[in-house]
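Counting along the sequence shown from 1, when you hit position 27 you're at 67 in my numbering, and nothing is skipped either side.
In this text, a Cβ means the ideal position worked out from N, Cα and C, and glycines have one as well.
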Amino acid sequence: MNAILASPADPTVDLGLRWRPGFASLGPAFHTELRPTPLPAPYLVGLSTPLAGELGFSADALQAPEALDAFTGNRLLAGSRPLATVYSGHQFGVWAGQLGDGRAILLGEAHTPAGSHEIQLKGAGRTPYSRMGDGRAVLRSSIREFLCSEAMHALGIPTTRALMVTGSDAPVRREEVETSAVVTRVAPSFIRFGHFEHFSSRGQEDELRALADFVIERFYPEVRASERLGGNPYANLLEQVSERTAAMVAQWQAVGFCHGVMNTDNMSILGLTIDYGPFQFLDAFDPGHICNHSDHEGRYAFNRQPNIAYWNLFCLAQALLPLIGEQDLALAALEPYKTVFPQQLLSRMGAKLGLAQAVEADRLLVEGVLKLLAEGRIDYTIFWRRLSHHAAGQSPEPVRDLFADRAGFDAWALAWRERLAQEPGGVDGSAGARMLAVNPKYVLRNHLGELAIRQARNKDYAGVSELLALLQSPFADHPAHDAAYAGFPPDWASSIEISCSS
Numbered sequence: 041m042n043a044i045l046a047s048p049a050d051p052t053v054d055l056g057l058r059w060r061p062g063f064a065s066l067g068p069a070f071h072t073e074l075r076p077t078p079l080p081a082p083y084l085v086g087l088s089t090p091l092a093g094e095l096g097f098s099a100d101a102l103q104a105p106e107a108l109d110a111f112t113g114n115r116l117l118a119g120s121r122p123l124a125t126v127y128s129g130h131q132f133g134v135w136a137g138q139l140g141d142g143r144a145i146l147l148g149e150a151h152t153p154a155g156s157h158e159i160q161l162k163g164a165g166r167t168p169y170s171r172m173g174d175g176r177a178v179l180r181s182s183i184r185e186f187l188c189s190e191a192m193h194a195l196g197i198p199t200t201r202a203l204m205v206t207g208s209d210a211p212v213r214r215e216e217v218e219t220s221a222v223v224t225r226v227a228p229s230f231i232r233f234g235h236f237e238h239f240s241s242r243g244q245e246d247e248l249r250a251l252a253d254f255v256i257e258r259f260y261p262e263v264r265a266s267e268r269l270g271g272n273p274y275a276n277l278l279e280q281v282s283e284r285t286a287a288m289v290a291q292w293q294a295v296g297f298c299h300g301v302m303n304t305d306n307m308s309i310l311g312l313t314i315d316y317g318p319f320q321f322l323d324a325f326d327p328g329h330i331c332n333h334s335d336h337e338g339r340y341a342f343n344r345q346p347n348i349a350y351w352n353l354f355c356l357a358q359a360l361l362p363l364i365g366e367q368d369l370a371l372a373a374l375e376p377y378k379t380v381f382p383q384q385l386l387s388r389m390g391a392k393l394g395l396a397q398a399v400e401a402d403r404l405l406v407e408g409v410l411k412l413l414a415e416g417r418i419d420y421t422i423f424w425r426r427l428s429h430h431a432a433g434q435s436p437e438p439v440r441d442l443f444a445d446r447a448g449f450d451a452w453a454l455a456w457r458e459r460l461a462q463e464p465g466g467v468d469g470s471a472g473a474r475m476l477a478v479n480p481k482y483v484l485r486n487h488l489g490e491l492a493i494r495q496a497r498n499k500d501y502a503g504v505s506e507l508l509a510l511l512q513s514p515f516a517d518h519p520a521h522d523a524a525y526a527g528f529p530p531d532w533a534s535s536i537e538i539s540c541s542s
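Structure representation (structure tokens):
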């Protein structure tokens with residue numbers, strides 16, 4: 041896939057991609073075929089070289105003018121069938137009716153060395169589902185999604201990926217006039233809970249069944265043979281999605297990630313983190329933190345995410361009920377969430393504490409330290425990293441110095457060390473090594489993204505590239521970058537407001 045075969049007279053760009061029917065095979069009830077709307081003079085803002093390699097591209101090929109045109113939507117990739125999909129959903133807990141890909145255009149599903157992946161352009165122009173929108177994305181939100189997609193992947197959290205961002209000086213009006221950008225997003229599938237809600241709400245059971253069968257065949261084939269839940273494949277599908285979603289949200293909570301807008305149309309049927317809008321990694325630990333300036337009621341506050349995920353799954357269960365047939369069976373398919381989430385969260389938090397195998401009694405340790413962090417509004421990422429270094433043999437003072445309530449921390453730390461001593465190698469530094477491998481040094485803090493965006497607005501993309509490189513190795517030590525990228529956020533960081541506008 042390295043060579044670009046195109047000429048100025050050729051309207052398509054050939055990157056050697058081999059396409060498969062994919063979502064387009066479901067038929068016109070599910071999507072509208074259309075071409076992206078071109079943008080003038082596109083330029084490269086950021087590129088994920090690791091993802092390019094996984095997909096079989098060379099970084100040089102993707103930076104060629106023809107490739108930039110293709111991934112901005114100015115020219116078609118050879119063999120692609122661009123389309124926008126239709127879905128519905130609940131937004132902020134209220135039924136919103138028909139939605140759809142209002143600024144995202146799916147180029148198709150391609151065979152790659154990493155398996156089949158859909159390739160989608162976000163910000164590529166209006167679609168029939170844009171409603172009052174212009175179909176565009178702005179530079180700031182595109183950079184944030186690009187960086188966070190790759191950061192989450194490096195943290196081991198299920199996510200859609202971002203191959204590249206292209207920019208254009210074409211103006212876009214939001215709260216102020218900004219410039220346009222397009223993110224090339226990559227995932228095995230971008231199907232959402234809202235796709236199922238759309239057809240179920242309209243009584244289109246044939247289309248609902250076709251969509252569910254497509255998802256089962258492509259991503260959950262094991263549910264056909266499962267004898268669980270009476271052998272009902274649609275109930276088994278719901279159960280699998282419930283378990284995947286529970287595991288994903290547990291990872292969010294453990295790393296301190298706030299999604300910000302967990303509408304049902306922003307929930308992946310594959311349990312992937314999808315649609316990076318007003319997200320945030322916690323700075324000071326505040327369980328009730330609201331990262332979305334548009335979320336006036338705090339529906340999507342950090343500590344509400346687990347319950348909201350279950351609420352969204354309940355909506356999915358309602359959508360699938362015509363196929364499942366029995367309400368009790370649908371409810372039974374949701375039950376695993378209630379056990380998988382707390383088990384997964386305990387396991388993740390136990391690993392952050394250096395425990396090879398967390399047990400039920402360890403919840404007291406977890407709850408105790410989170411209470412201390414909340415009371416002192418302690419920086420979440422820095423605390424865990426310093427605790428990891430202490431477990432690896434360094435002085436306790438750097439982590440102890442974070443707390444005004446030192447007596448409270450000392451009492452907790454004594455209990456933690458006693459528990460750690462029960463672990464294999466707990467007192468000889470192996471726990472510290474385990475902790476350093478799960479407690480990141482680098483996360484995409486809001487102010488780091490903001491600084492990279494400010495540079496990029498002046499056509500300087502070095503900040504995007506440097507930050508991306510650190511986020512792609514979040515557990516590694518890069519001492520030269522400690523002050524700029526791993527320190528406490530500046531005072532002005534708390535004034536950054538992120539909303540659904542993009």
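ask   = Between which two residues does the alpha helix (DSSP H) carrying T112 extend?
value = In this chain, T112 is not harboured by any alpha helix (DSSP H), its DSSP state being neither H nor E.
Rounded C-alpha distance that separates D450 from V205 = So the alpha carbons of these two residues sit roughly 47 Å apart.
request  = Would you kindly work out how many angstroms separate the C-alpha atoms of P530 and H429, rounded to a whole number?
outcome  = P530 and H429 have their C-alpha atoms spaced approximately 23 Å apart.
query = How big is the Cα-Cα spacing for S266 and S208?
reply = Taking the straight line joining both Cα atoms gives about 50 Å.
request  = Using three-state DSSP, classify D368 as helix, strand or coil.
outcome  = In the three-state reduction of the DSSP assignment, D368 falls in the helix class, which pools H, G and I.
ask   = Any idea if P76 is buried or exposed, counting beta-carbon neighbours within 10 angstroms, 16 or more meaning buried?
value = Only buried fits P76, as 16 or more other CB atoms lie within 10 angstroms of its CB.
ask   = Under the three-state reduction of DSSP, which class applies to G148: helix, strand or coil?
value = The answer is strand: DSSP assigns G148 an E or B state.
key: Local conformation of L45 per DSSP, three classes   = Bear in mind that a pLDDT of 49 at L45, under 50, signals an unreliable position, so the model cannot answer this.
ask   = So does the stretch 121-133 actually touch the stretch 142-152, counting three or more Cβ pairs closer than 8 Å?
value = Under the 8 Å Cβ criterion, the stretch 121-133 counts as touching the stretch 142-152, having at least three qualifying pairs.
task = Would you check if the stretch 506-516 and the stretch 185-199 touch, i.e. whether three or more CB-CB distances between them fall below 8 Å?
result = Result yes; three or more Cβ-Cβ pairs closer than 8 Å.
message = Could you tell me the alpha carbon to alpha carbon distance between L427 and S435, rounded to whole angstroms?
response = For L427 and S435, the distance between alpha carbons rounds to 10 Å.
inquiry  = With H, G and I counted as helix, E and B as strand and the rest as coil, what does DSSP make of Q138?
reply    = Under the three-state reduction of DSSP, Q138 is assigned to strand.
request  = Rounded to whole angstroms, what's the CA-CA distance from D253 to I314? Just pull it up for me.
outcome  = Per the coordinates, the alpha-carbon of D253 lies some 22 Å from the alpha-carbon of I314.
query = Who does K162 pair with in a DSSP beta bridge?
reply = Note: K162 is bridge-paired with A144 and V223 in the DSSP secondary-structure output.
Range of the contiguous beta strand (DSSP E) that encloses D209 = From DSSP, the beta strand (DSSP E) with D209 extends over R201 to R213.
task = Can you say whether L454 is buried or exposed, counting buried as having 16 or more other CB atoms within 10 angstroms of its CB?
result = Looking at its Cβ environment, which holds fewer than 16 other Cβ atoms inside 10 Å, L454 is exposed.
query = Out of curiosity, what's the CA-to-CA distance linking C540 and M302?
reply = Between the alpha carbons of C540 and M302 lies a distance of about 11 Å.
query = Who are L84's beta bridge partners in DSSP?
reply = For L84, the beta-bridge partners assigned by DSSP are T206.
ask   = Start and end of the alpha helix (DSSP H) containing S241?
value = Annotation: the continuous alpha helix (DSSP H) that includes S241 extends over F233 to S241.
query = Can you tell which of A533, F236 and T285 has the C-alpha that lies nearest to the C-alpha of Y274?
reply = If we check each option's Cα against that of Y274, F236 comes out closest.
query = Less than 8 Å separating the beta-carbons of L116 and P51?
reply = Taking a C-beta distance under 8 Å as the contact criterion, L116 and P51 qualify as a contact pair.
inquiry  = What does the alpha-carbon distance come out to for the pair T421 and L203?
reply    = So the two alpha carbons sit approximately 26 Å from each other.
query = Along the chain, where does the alpha helix (DSSP H) that runs through R258 open and close?
reply = E245 to F259 is the extent of the alpha helix (DSSP H) around R258.
ask   = Buried or exposed: where does W424 fall if 16 or more other Cβ atoms within 10 Å of its Cβ makes it buried?
value = Around the C-beta of W424, 16 or more other C-beta atoms lie within 10 Å, and the residue is accordingly described as buried.
ask   = By DSSP, does F132 sit in helix, in strand, or in coil?
value = Secondary structure at F132: coil, using DSSP grouped into helix, strand and coil.
ask   = Going by Cα to Cα distance, which pick from F111, Y377, Q320 and I364 is closest to P346?
value = When only C-alpha atoms are compared, the closest one is Y377.
task = Might you give, ordered along the chain, the residues of its own chain that have their beta carbon closer than 6 Å to the beta carbon of F132, omitting 5 neighbours on each side?
result = Annotation for F132: R339 place their beta carbon closer than 6 Å to its own, counting only its chain and skipping 5 residues before and after.
request  = Name the two residues that bound the continuous alpha helix (DSSP H) containing L476.
outcome  = Residues S470 to L476.
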